[in-house]
Every structure is written in structure tokens, then in C-alpha cells.
Amino acid sequence: MSPATRSATRSIGRLAIRRDHVVLALAVLAVAALPLSLSGPGWLRLLVIGVFLLLGPGTATLLLLRWPRFGYHGPDAGDPPAAAMMLPLAISLAMATSLAISTVVATVMLYAHAWHPAAGVMLLAVLVLLALVFDPQGIRRREARS
Amino acid sequence: MTQQDVHEIEHSGDLLETMPRPALGWWRRPIVPPPAALAALGALALGLGVWSLTRVDVAGIGDAGLFGALPITYFVALALAIAGFALVMRLPRLAGPLALWQIVVLIVILHGADPIVHQLPRLEASYRHLGIIDYISSTGQLNPKLDAYFNWPGFFGLMSMLSRATGTHNMIGIATWAPLGVNLLLLAPLLALASRITSDRRHAWTGVWLFYLTDWIGQDYLAPQAYGFILLVSLVAVVLAAFGGWAFAPRGRALTRWVRFANRHGAADRPFLGQPQPWQRIGLLVICALVLIAMTAGHQLTPFAAILLLLALAMVGRSRLRWLPVVAVLAPIGWLVLVATPYLSGHLGHLLSGLGNLADTTSASVGNRVNGSQTHQLVVSARIMEAVTVWALAVGGAVFCWIRRKPWLAAAVGFATPLVLLAAQPYGGEMLLRCYLFGLPFTACLIAMAIFRGRSGRPSWVTTVTLLAIGLVLGGTTVVSRYGNDAMENFSQPEIALTQQLYQVAPTGSVVIEAVHNTAWQYEHYADYKYVALLDAKARPDATPLTCAHVDTFAHHNTVWLLVTQSQVEAADLLGIGPAGDVAAFVAGCRNSPGWTVVARNAGGTLFEVQDLPATKTPAAKPTVPTKTPAKTPATSKVKGVRHVTGN
Chain A
11 MSPATRSATR
21 SIGRLAIRRD
31 HVVLALAVLA
41 VAALPLSLSG
51 PGWLRLLVIG
61 VFLLLGPGTA
71 TLLLLRWPRF
81 GYHGPDAGDP
91 PAAAMMLPLA
101 ISLAMATSLA
111 ISTVVATVML
121 YAHAWHPAAG
131 VMLLAVLVLL
141 ALVFDPQGIR
151 RREARS
Chain B
301 MTQQDVHEIE
311 HSGDLLETMP
321 RPALGWWRRP
331 IVPPPAALAA
341 LGALALGLGV
351 WSLTRVDVAG
361 IGDAGLFGAL
371 PITYFVALAL
381 AIAGFALVMR
391 LPRLAGPLAL
401 WQIVVLIVIL
411 HGADPIVHQL
421 PRLEASYRHL
431 GIIDYISSTG
441 QLNPKLDAYF
451 NWPGFFGLMS
461 MLSRATGTHN
471 MIGIATWAPL
481 GVNLLLLAPL
491 LALASRITSD
501 RRHAWTGVWL
511 FYLTDWIGQD
521 YLAPQAYGFI
531 LLVSLVAVVL
541 AAFGGWAFAP
551 RGRALTRWVR
561 FANRHGAADR
571 PFLGQPQPWQ
581 RIGLLVICAL
591 VLIAMTAGHQ
601 LTPFAAILLL
611 LALAMVGRSR
621 LRWLPVVAVL
631 APIGWLVLVA
641 TPYLSGHLGH
651 LLSGLGNLAD
661 TTSASVGNRV
671 NGSQTHQLVV
681 SARIMEAVTV
691 WALAVGGAVF
701 CWIRRKPWLA
711 AAVGFATPLV
721 LLAAQPYGGE
731 MLLRCYLFGL
741 PFTACLIAMA
751 IFRGRSGRPS
761 WVTTVTLLAI
771 GLVLGGTTVV
781 SRYGNDAMEN
791 FSQPEIALTQ
801 QLYQVAPTGS
811 VVIEAVHNTA
821 WQYEHYADYK
831 YVALLDAKAR
841 PDATPLTCAH
851 VDTFAHHNTV
861 WLLVTQSQVE
871 AADLLGIGPA
881 GDVAAFVAGC
891 RNSPGWTVVA
901 RNAGGTLFEV
911 QDLPATKTPA
921 AKPTVPTKTP
931 AKTPATSKVK
941 GVRHVTGN
């Protein structure tokens, strides 16, 4: 194994660890958003639901798309600073997707005359948790085996 | 030459930095500040900057805006923040976290001044937006006939969902800190975009840094356009990263030559995201479409900038998505026809009348703005000069990059294409500002690439000093241009107290009047009153002087409330609305008129109750009602068949 490949493998290994951390943090956020969308201290509700609407659904979508697996395949994948430039893209994609999904949910509720913001947040939280449980690669692997 | 080779050449500077070098005498060794010292420098700048802002005497803010009231320590802090970034770029091995820290410090010092100094939302539009959020969150309804904002409710729906689901009924705190928050949220998308259109990480960081130094537009308050801009920058960054390449095969001689030219000058197109699986690519495409739809639902202008940018990137081989520009065209047109029908039916003629009328747009954006007090004219001149300088630097940068064989084409088309919008609609005289903002991420990257002589690697001292000098000039000018209207754009607690008093005494459904359209109200009771402005907040030196009869007209068989605040007086004097001192003279002259009662008075202004008395029935001059600016998100009220609309 060449030094460059070893370095790239190490980078991907680090990313895998980071991915687990992201999954855990997102799961905690989504679970916390469920009761907090109904009641709780004002500052905590604003913090948790604010961060959730800003990043939650988008991060779950990226995880569903197995983001890191196709995110670090450039020729400089073994170079940690170069790989770190992927982070802004991941954050902006997660943010834009979250804002877009949340906006669509809110807009649909308004036009459908079904304005239940707490239910909207809870729906998004449940979808995020389902996305975290769902593993498309695992399904593909099982299908390939069978 | 393979893409791998191209990449290695591009990064040869980085390789050279890590190679052992022959020992030099101490006098020839490069002076490199330790990273810890640079981090401490940033912390010092941040502490000094925030401390200076907390020491600003708000009473000292005059026609020159915040600039005249800032202590000298603020400028020292700004200079330290700028020097800190320039020195970080000089480090042998670029430290991303350190560059990030320096930019965050700059953002807080340069774009966090309003919330720190005033601790209230900036711009009267912020208060209107809060009112719409309050209306939607409490009723769950849209009312497109009340206001054109309701035809593009995406952003307001999102904020209302946040407000209601968190039980945060008072969003004033969020609106106050929005400029800081929006700029921080923009950081990641800007960096993602800059790293795709420049050939080196230092250039990308410098591009982002220059964006913050030159963004004096102030469209970062709690508004749909700030939301739309974040989505736009993210969308373009994703398209560049995941879908770079040509959307069409070159056919014919001219096209083949163009493709060759574009590949030579535009493509830093290494496979940033590798090769996603087809299902992953479909997922990313769905995300792009979703972002476009959300952008369309949230703001009426941003999708049109997205159309132009996506088309331009496809033309230079940086987006191989043929159908995305089609979706980008269909989404806003479909929205206008199918959803925003009430707005379209009332404004179609006006929307089309602006097409191609470049002269009107330019005069509305530039000529008509150089008015008002002499100091204000200096501020407007500083804005125009800064915009022209930035554009000139970008054009010079493009030429320089062409000569130095740097990838300039994508940045150049990104800078130039939003200007096409100028031919579309005057947008209330703000179109030039919006074009400046839409192109700014690209403009800043062009300037950054031109500052660094090489394609990559550590800059020389000459480059560092150039960076420092440009940063100081642009940063200093931005303090003037961004905060030049501070006297009228910010409000005080006494003004808010008067508004609260108004809502306590005036029964719902009443007509409430402002002398000049610049009042911190409507943040609640958005649909409960009929809001009227006697004068729009636009330069109109020939406006008829205000008389008591202007208000008495509305008080026919009725009781109305008139609110005249310090910010209205400042706006009239700064912008040159009517004769100098007109609003103050109007208040002094009408105070003792029959039927006029002072309900409340404080340092922020005066609240009058005006009753219809027989003695006041004198022939009234026709009130000056603000004109419509329908291409923008309009607000507000209907009184006696007159609809008052202002944009954001």
C-alpha cells in the first residue's frame, strides 16, 4: 500500500468515526425536538428546534446519501487540509437542504389550511429518525447476496 | 495531461512549501508569526472591537451615521482584524481554523455593530417582517390581498413555524441579531463556492474575507432576501462541486473553439466529489430542485439570479445539468401564474413596463439617491465609489488572471451575469444593489486571485502588504457605506415605547399615520390597523410641505392617530424629503390645532390623537401617498382606496 493510499485510508477511517458522531448527535437532536415542540423552557426550545430546523433534515439526507463515502475521492483525498475543504460544502448542503425541506413543510401547511407548527416539527423529527435507521447500502448488500 | 497532473501542478506550491530548504542566515529567514500569536491577535481585535462598540454614544450618531460616533479604538480593532488575516495567509502552511477565526472576528466587528450598539432590529422593514411572522404564526392564514408578501410566504412560514413551535412569540431578539447570524450562516456556503472557483485554498479564504469586507449592502437583516441568498450561494456551490463539466457536446467550429477557450481559462474542474453512484447523483439533483422551489416560495427576485447563474455556469462548462436551468425558469414563472395570481393580476403591466428600461433602472439606483444633506451625499458617494472600485478591481483581476493563466472564467461570468437583471426591472431603485450582492462572491474571488501572484502557495511580503492595504481601504470604506444611514435605519427604545402606547390607546381598525415611512411599528397587530404614511422614505426635495390638513383628511368623521418619531425626522432630513426641517415644523405648527391632542411624548417622538372637529374641516391638500414598487415584496395598508406599498 502506497503512502498516499495509506493516508487516504486513514482519512476515510477518521470520517467514519465522525459519521457515527454525527448520527448520534442528530438522533439526540431529533428525539429532543419531539417533546420540546410541545412544551419546555423557551430558550431550550428555541435552541434545539432552531438548530434542528437549520441542520437536521439536511444532515439526515446527506447521511442517507452516504455523503462521506463519495465525498473524499479527489486526488487530494489523503491530504487532511484539502479534505477539510469538503466540510464547508457538507455544511452548506445540509443547511440549504434543511431550510428547503422545512420551508416546503411550512408552506404546504399554510396553503393546505392545516397550520400545526408543532406537528410539522414532529413530522420532520420522525422523518429524520427514520432516515438514520434506514441504510440503503445495507439493503443493496443484502439484495446482492440473495 | 490528466486531471491528476493538472491538480499536482496546481498544488505544486504546497509541495514546495513542505520540501527542505537550504539554511539561511537569520537576517534572510522569513519572519513568521507563530499561529498562537495570530489567534491571540484575533482575540484582542475581537475584544477591543466589541468593547468599542459598547462605548458608542448613540446620541452622537449624525448625518455620517455610525462612522462619526465610533471611538478610535474601533478602527484599531478593525485594523488588527485585517492584519491578522493577512498574516495568517503568510503562514508557510495554511491553517484553516486560524483563517476561519480571523474571518469570524471580522464579521463580528464589521457586521455585528448594529445589534451591539442599538440592541434593536435595524430597518423598519425588519419590524414589518416581524409583523407578518406574528400574523401567520397566530392565525395560520395567508392574506394575499392584504399584502404582496403573502404571495411569497416561504420564509415567513418557516419563521412562523419556528416561532410557534418554540413558543417564542417575541422574535425581536432574533431580528436584532439577524445581521450577525446571517453573515455567520453564509460563511460555509461562501467558502464552498470560493474553493470551487479558485485554484488554491488561500485564494478561496481570501475571496470569502473580501466578500465580508465589501458587503456594505446590508441585506442581512431578518428578510426573505437574506434567506434566498444563503440558498443561492449553497446551490451554486453544490452544482459546481458535484456537477461540473459540459452540458453539451461541442459541435461546429465556433463551439469547439469556445469549449477549448473555456477549458483553458475556466476549469479548475478536478473531481471534487469523486464519482457518486447514480442513486446518489439523483439524490443531489432532487436536493437542488428542492432548494430552487424553496427559494421561489421565499423570495421573488433571487430565483431569477439563480436562472442566470446556472445558465452562465453551463455556458462555461462548469455545470453539466441541462435541465436544472429549465426547472429554475419554470419554478418562479409557475409560482407567479399559479400561486401568486392575486399579485400578478394587479401588477402585470408594471412588471413588464420595466423590461429593457436600463436608463430608468440606473437613474433610480444611482442618480436619484445622491440627495439629501451634504454629509449624506458623501455617504452615498462613498457607496457608489466602493461599488465602482470593487467592480473595477474585479475586471482588472480577470484580465490579470487571464494573463497569469489562472482559472478566471467561472468567477467572471458569476460576477457579470447578475447585471443582466438590471435590464429587467428598476425594483424600486435597489436593483443595482441586488446585482452587486448576487455577484459579490464571484467578484471577491476574482480580486483574491489577482492579489496572489502565483497560482498557489505562500504569498510574498509584497502580496501580504498589498492584501493588508486593500483590506484597510475596503474595510474603512465599508464602515462609512454600510453604517452611513444609521441615524434613520435604527430605532430607539423610546420610539418602541411610543408604538406600544399607540397600540394601547388606538382601537383596532383605526387609521394610524406616520409622517414619513420610517417607523418601528407593525411588528404586531399587522392586520389590525390601517397604516398610512404621508411621505415615502425616498428623496423628494420637491415634495409639498406637510400641513395639518394632510392628517385632517384622514380624520373625516373619525379619530386617527399620528406618530411622528425621531427616526422619521432623521429620514426626512438625511434623504431630502420635502424642504429642510419640514417634519419638525409640521409637528410644531399642528400641535395646538383644534382636534389635535398630544397623547404621549418622549425622546423618541410624539403621538397625537386627531379628531374630526367641525373647525378643522378646511379644504385639504391631497396627501402624498407613497407610490408602489411592485417588483419588490411589498407591504402594507389600504386606506380609502389608496394602497401603500413599500419594498424590501
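One line per chain: the protein sequences are A and B, in this order.
Note that my numbering has the first sequence beginning at 11, numbered continuously upward.
Note that my numbering has the second sequence beginning at 301, numbered continuously upward.
Heads up, the beta-carbon is just placed ideally off N, CA and C, and yes, glycines get one too.
Residue i: buried (16+ other C-beta within 10 angstroms of its C-beta) or exposed?
i, result
"V586 (chain B)", "exposed"
"V136 (chain A)", "exposed"
"G598 (chain B)", "buried"
"T808 (chain B)", "exposed"
"F752 (chain B)", "buried"
"K706 (chain B)", "buried"
"S792 (chain B)", "buried"
"P841 (chain B)", "exposed"
"M685 (chain B)", "exposed"
"T113 (chain A)", "buried"
"R28 (chain A)", "exposed"
"Q402 (chain B)", "buried"
"D515 (chain B)", "buried"
"N483 (chain B)", "buried"
"S534 (chain B)", "buried"
"G412 (chain B)", "buried"
With distances taken Cα to Cα, identify the nearest neighbour of residue i among the options.
i, options, result
"Y783 (chain B)", "B:L353, B:Q804, B:P334, B:R581", "B:L353"
"P794 (chain B)", "B:H418, B:R502, B:P453, B:K706", "B:H418"
"L140 (chain A)", "A:L46, A:L48, A:L74", "A:L74"
"D30 (chain A)", "A:W77, A:L44, A:Y121, A:L63", "A:W77"
"S460 (chain B)", "A:L46, A:L142, A:W125, A:L36", "A:W125"
"G481 (chain B)", "B:S438, B:V404, B:F455, B:T498", "B:V404"
"C890 (chain B)", "B:P845, B:A871, B:F450", "B:P845"
"D363 (chain B)", "B:P603, B:N892, B:H825, B:V780", "B:V780"
"P576 (chain B)", "A:L142, A:A106, A:L72, A:I101", "A:L72"
"T675 (chain B)", "B:G904, B:A379, B:D873", "B:D873"
"A605 (chain B)", "B:L693, B:V637, B:V680, B:L732", "B:L732"
"A716 (chain B)", "B:A339, B:H469, B:L737, B:H429", "B:L737"
"L442 (chain B)", "B:G457, B:E824, B:H429, B:R428", "B:G457"
"A827 (chain B)", "B:V883, B:A787, B:I436, B:A379", "B:I436"
"G454 (chain B)", "B:A399, B:M595, B:L420", "B:M595"
"A542 (chain B)", "A:M96, A:L134, A:T117", "A:M96"
"K838 (chain B)", "B:V559, B:E824, B:N818, B:L709", "B:N818"
"L133 (chain A)", "A:V33, A:L48, A:W53", "A:L48"
Who are the neighbours of residue i on chain B, taking C-beta pairs under 8 Å?
i, result
"A128 (chain A)", "R464, A465"
"V8 (chain A)", "In this structure chain A extends from 11 to 156, so residue 8 (chain A) is not present and cannot be described."
"A106 (chain A)", "P489, I530, L531, S534, L535, V538, I587, V591"
Since residue i meets chain B, which of its residues come closer than 9 Å, beta carbon to beta carbon?
i, result
"V114 (chain A)", "G454, L590, I593, A594, A597"
"R28 (chain A)", "Ordered by position in chain B, no residue passes the 9 Å Cβ test against R28 (chain A), which lies about 16 Å from the chain."
Report the neighbours of residue i on chain A: residues whose CB is nearer than 8 Å to its CB, in chain order.
i, result
"T468 (chain B)", "G52, R55, L56"
"L522 (chain B)", "Within 8 Å Cβ-Cβ: nothing; L522 (chain B) doesn't reach chain A, min ~13 Å."
"L353 (chain B)", "Chain A residues near L353 (chain B): none, gap ~24 Å exceeds 8 Å."
"L601 (chain B)", "Residues of chain A passing the Cβ test: none, with the nearest at roughly 17 Å."
Anything in chain A within Cβ reach of residue i, meaning under 9 Å, just list it in chain order.
i, result
"G412 (chain B)", "In chain order: nothing, as chain A lies at least about 19 Å away."
"L458 (chain B)", "L63, L109, S112, T113, V115, A116, T117"
Just the chain B side, please: which residues come within less than 7 Å of residue i by C-beta, in chain order?
i, result
"S102 (chain A)", "A488, P489, A492, S534, A537"
"L140 (chain A)", "Ordered by position in chain B, no residue passes the 7 Å Cβ test against L140 (chain A), which lies about 16 Å from the chain."
Any heavy atom of the ligand NAP closer than 7 Å to the Cβ of residue i?
i, result
"P392 (chain B)", "No copy of the ligand NAP appears in this structure; indeed no ligand is present at all."
Using a Cβ cut-off of 7 Å, pull out every chain A residue sitting near residue i, in sequence order please.
i, result
"L348 (chain B)", "The contacting residues do not exist; L348 (chain B) stays about 28 Å from chain A at best."
(request) Please go through the stretch 367 to 404 of chain B and give each complete beta strand (DSSP E) segment of 3 or more residues, from N-terminal end onward. (result) none
(request) Using a Cβ-Cβ cut-off of less than 7 Å, list which residues of the stretch 43 to 73 of chain A approach chain B; keep chain order. (result) S47, G52, R55, L56, I59, G60, L63, T71
(request) Write down every uninterrupted run of the alpha helix (DSSP H) in the stretch 792 to 860 of chain B whose length is 4 residues or greater and which is fully enclosed by it, in chain order. (result) 793 to 805, 848 to 852
(request) Note down, in chain order, all residues in the stretch 578 to 589 of chain B with a beta-carbon under 8 Å from any beta-carbon belonging to chain A. (result) Against chain A - using a Cβ distance shorter than 8 Å - the residues of the stretch 578 to 589 of chain B are W579, Q580, G583, L584, I587.
(message) Give me the subset of the stretch 530 to 564 of chain B whose CB atoms are less than 8 Å from a CB atom of chain A, sorted by chain position.
(response) I530, L531, V533, S534, L535, A537, V538, A541
(request) Please list the residues of the stretch 429 to 447 of chain B that have a C-beta atom closer than 9 Å to any C-beta atom in chain A, keeping them in chain order. (result) I436, S437, T439, G440, Q441, L442
(message) Please list, in chain order, the residues of the stretch 489 to 503 of chain B that have any C-beta partner in chain A closer than 7 Å.
(response) Under the 7 Å Cβ criterion, the stretch 489 to 503 of chain B contributes P489, L491, A492, S495, R501.
(message) Could you tell me which whole beta strand (DSSP E) segments of length 3 or greater appear in the stretch 704 to 746 of chain B?
(response) none
(message) Restricting to runs no shorter than 4 residues, where is the alpha helix (DSSP H) found entirely within the stretch 543 to 572 of chain B?
(response) 553 to 566
(message) Just to confirm the assignment: which complete alpha helix (DSSP H) runs, minimum length 4, are found wholly within the stretch 118 to 144 of chain A?
(response) 127 to 143
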